[in-house]
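Visitor:
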Amino acid sequence: MHPVIPERLSVAPMMDRTDRHFRLLMRLLAPGVRLYTEMVTAQAVLHGDLERLLGFDAREQPLALQLGGSDPDTLAQATRHAIAMGYAEVNLNCGCPSSRVTDGRFGACLMGEPELVSDCIRAMREAAGRVPVTVKTRIGIDDRDSWEDLLHFVGRVVDAGADYLIVHARKAWLHGLSPHENRTVPPLRHDVVYRLAGAFPGLGIAINGGFTTAAAVHSALTQIHGVMIGRAAWDDPWLLAELDDTLAGRHPLDRGPRRRAALATYADYANRALGRGATTRALLRPLHGLFHREPGAGAWRRSLAQAMPGGDDIAIALDSALDSAQAAAAAVDRGPGVNHGSHDRTAPTREARQDSPESRA
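Residue numbers (numbering that gives the first Met the number 0): 0 to 360.
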């Protein structure tokens with residue numbers, strides 16, 4: 000089988016996470032992964048500012064637009080806009096369980112309307128030409144979570160022309176759980192997704208949900224075509240970068256020089272983005288995980304927090320943050336006799352927590 004989506008690793012569409020700034024950072028660290036936008040409603044595409052909603056840097060490719068909606072004609076029109084903008088894939092959201100999304104009749108609730116989803120995919124497929132149309136979904140919703148329910152839903156999606164499927168390996172409760180709880184409370188059922196891949200051998204399928212280690216990803220890739228990583232990519236960008244290296248047969252580079260090179264490129268991008276109206280906070284926020292679980296992480300985050308009120312040159316701010324992180328890491332390496340910087344092995348101070356990027360999110 001040669002899936003329409005060749006990449007075996009991807010970064011999940013995440014609201015308030017996968018904006019154009021974070022996506023560019025991911026591309027600099029992991030050149031071989033597929034990237035997804037935040038969900039954009041089809042109605043917004045038709046009536047909003049296309050550059051603000053859909054604009055992207057060419058370096059982000061291959062890039063997929065995730066659409067939310069349930070009206071076939073509106074989705075078809077939005078798909079045409081996506082194709083005109085140059086997207087490499089258009090994805091229909093059938094997996095988000097938030098009440099706001101459910102009230103709009105899109106997201107995970109569409110699993111309860113397979114015939115409507117079939118109509119939507121058919122309309123999008125006709126509008127997309129040669130560009131892949133894909134679906135991101137769950138293994139079930141509420142009490143409609145039997146194997147037969149899932150087979151019927153996926154069968155209708157495939158018959159309508161979907162090129163690829165991404166399955167979050169949890170069911171969704173549409174009432175009573177928050178989006179965060181829907182990512183943690185329903186049990187993970189990777190086995191169901193692997194079984195689904197066996198039931199549709201001609202369909203490329205990626206699995207999503209609960210992948211936080213390289214070992215888990217490598218194990219999954221022996222059983223299914225692709226793995227989509229969500230929050231773990233935001234928290235620890237190096238997980239994705241080093242997985243990408245391994246799958247591409249590249250010897251992983253030392254993090255220090257690689258981080259500095261990526262930040263130099265990102266700083267140039269960020270300074271240009273400032274000139275187009277982006278905020279310093281939005282540009283620095285995706286960088287908080289670049290020292291994840293490393294000595295110096297606390298100093299790095301504090302330096303970013305101090306720079307967030309704004310400035311004229313992000314390159315200067317990032318150089319200063321790197322110097323602070325490296326000095327803190329060096330102090331840790333010198334041993335317990337040195338006090339300054341030692342807090343980077345433990346929780347940040349109360350003052351640091353109050354001034355951290357996360358506290359302002």
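Note that CB positions come from ideal geometry on N, CA and C, so glycine has one too.
What distance in whole Å lies between the Cβ atoms of Ala-29 and Asp-243, which are believed to be in contact at a cut-off of 8 angstroms?
Guide: At roughly 4 angstroms, the Cβ-Cβ gap stays under 8 angstroms, so Asp-243 and Ala-29 are in contact.
Visitor: Span of the alpha helix (DSSP H) holding Tyr-385?
Guide: Look at the range of the chain in this structure, 0 to 360, and you will see that residue 385 is not part of it.
Visitor: Excluding sequence positions up to five away, which residues of its chain have a Cβ less than 6 angstroms from the Cβ of Pro-185?
Guide: Cβ within range, chain order: Arg-169 and Lys-170.
Visitor: Apart from the five residues just before and just after Gly-295, which ones in its own chain have a Cβ nearer than 7 angstroms to its Cβ?
Guide: So the qualifying residues of the chain are Ala-324, Gln-325, Ala-327, Ala-328 and Asp-343.
Visitor: From Leu-238, His-224 and Tyr-193, pick the residue whose C-alpha is nearest to that of Ala-414; which is it?
Guide: Because the chain in this structure spans residues 0 to 360, residue 414 falls outside the shown range and cannot be described.
Visitor: Would you tell me roughly how many angstroms separate the C-alpha atoms of Pro-356 and Ala-304, rounded to the nearest one?
Guide: Because Pro-356 carries a pLDDT of 35, less than 50, the predicted location of this residue cannot be relied on, and the following value inherits that uncertainty. Cα to Cα, Pro-356 sits roughly 5 angstroms from Ala-304.
Visitor: Using three-state DSSP, classify Met-123 as helix, strand or coil.
Guide: It is helical.
Visitor: Going residue by residue through the segment 204-264, where are the continuous alpha helix (DSSP H) segments of at least 4 residues, counting only ones entirely within it?
Guide: Runs of the alpha helix (DSSP H) inside the segment 204-264: 213-219, 230-234 and 236-247.
Visitor: Going by other Cβ atoms of all chains shown within 10 Å of its Cβ, with 16 needed for buried, is Ala-219 buried or exposed?
Guide: When all chains shown are included, Ala-219 counts as buried.
Visitor: From the DSSP output, which residues share a beta bridge with Tyr-35?
Guide: In the DSSP output, where bridge partners are listed per residue, Tyr-35 has Ala-63.
Visitor: By DSSP, does Glu-6 sit in helix, in strand, or in coil?
Guide: Coil at Glu-6, not helix or strand.
Visitor: Using only CA atoms, which one of Asp-118, Arg-19 and Arg-104 lies nearest to Ala-281?
Guide: The option with the nearest alpha carbon to Ala-281 is Arg-19.
Visitor: Who pairs with Arg-137 in a beta bridge, going by DSSP?
Guide: Partner(s): His-167.
Visitor: Helix, strand or coil: which one does DSSP assign to Glu-88?
Guide: Of the three classes helix, strand and coil, the one that applies to Glu-88 here is strand, per DSSP.
Visitor: Using alpha carbons as the reference points, say which of His-189, Pro-12, Gly-47 and Val-191 lies closest to Ala-63.
Guide: Minimum Cα distance to Ala-63 is reached at Pro-12.
Visitor: Could you name the residues of the same chain whose beta carbon sits closer than 7 angstroms to that of Ala-247, not counting the 5 residues immediately before and after it, in chain order?
Guide: So the list reads Gly-31, once near-sequence residues are dropped.
Visitor: Where Val-17 and Asp-48 are concerned, what is the direct C-alpha to C-alpha distance, given to the nearest angstrom?
Guide: What sits at residue 17 in the sequence shown is Thr, not Val. Between Thr-17 and Asp-48, the C-alpha separation is close to 18 angstroms.
Visitor: Could you tell me how far apart the beta carbons of Tyr-163 and Thr-133 are, in whole angstroms, since I believe they sit closer than 8 angstroms?
Guide: Their Cβ separation, rounded to whole angstroms, is 4 angstroms, which keeps Tyr-163 and Thr-133 in contact under 8 angstroms.
Visitor: Kindly confirm or deny that the segment 51-66 and the segment 83-93 touch, where touching means at least three C-beta pairs closer than 8 angstroms.
Guide: These segments touch.
Visitor: Based on the DSSP output, what are the partners of Thr-183 in its beta bridges?
Guide: In DSSP, Thr-183 forms no bridge with anything.
Visitor: Indicate whether Met-110 and Cys-93 have their beta-carbon atoms separated by less than 8 angstroms.
Guide: Against a cut-off of 8 angstroms, the Cβ pair of Cys-93 and Met-110 comes out as a contact.
Visitor: Helix, strand or coil: how does DSSP classify Cys-108 here?
Guide: In the structure shown, Cys-108 sits in a helix (DSSP, three-state: H, G or I).
Visitor: Can you give me the C-alpha to C-alpha distance between Leu-317 and Leu-252, rounded to a whole angstrom?
Guide: Approximately 21 angstroms between the Cα atoms of the pair.
Visitor: Kindly list the residues whose CB is nearer than 7 angstroms to the CB of Ala-269, restricted to its own chain and excluding five residues on each side of it in sequence; keep chain order.
Guide: Contacts found: Leu-282 and Ile-313.
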